[in-house]
Amino acid sequence: MSSIDHTFIDLYEGVAGELERLPKVARPPAAVWEAADELLLDLHMMRHGYTTDSYDRHVERRLKELCAGEDVVERMKALRI
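Going by the numbering used here, the first residue of the sequence shown is number 77, and it counts up by one from there.
Shown next, in the form of structure tokens:
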């Protein structure tokens, strides 16, 4: 089941990853936001060589599990927040 889609990423980018900047009625579930935060931190660590190959594979599986499609996965990988 995917939770992260282009609409979510638009929202995330619009507030630079700061959930508190969104009105409470417009907030997605906290678990989804936290998962995106974790994935983005993992991707940052991967880009800078701080992870192992097995952890990289774990992150790739998690991205595919949580993202609505390969285009969303690629967009997550391109985010720099």
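Beta carbons are placed, not taken as given, at the ideal position from N, Cα and C, and that holds for glycine.
Here the structure is a predicted model, which is why all the values come from computation and not from measurement.
- Restricting attention to alpha helix (DSSP H) runs no shorter than 4 residues, the region 80 to 138 encloses them at 82 to 90 and 106 to 123, ordered along the chain.
- In this structure, S79 is the residue among S79, C143 and E141 with its C-alpha nearest to the C-alpha of A107.
- From the listed residues R137, A112 and R138, the smallest Cα separation to G93 is found for A112.
- Rounded to the nearest angstrom, the gap between the Cα atoms of H82 and R123 is 22 Å.
- Cβ neighbours of R97 within its own chain (closer than 7 Å, five residues either side excluded): V91.
- Rounded to whole angstroms, the gap between the alpha carbons of D118 and H134 is 10 Å.
- In this structure, I157 sits near L116, with a CB-CB distance shorter than 8 Å.
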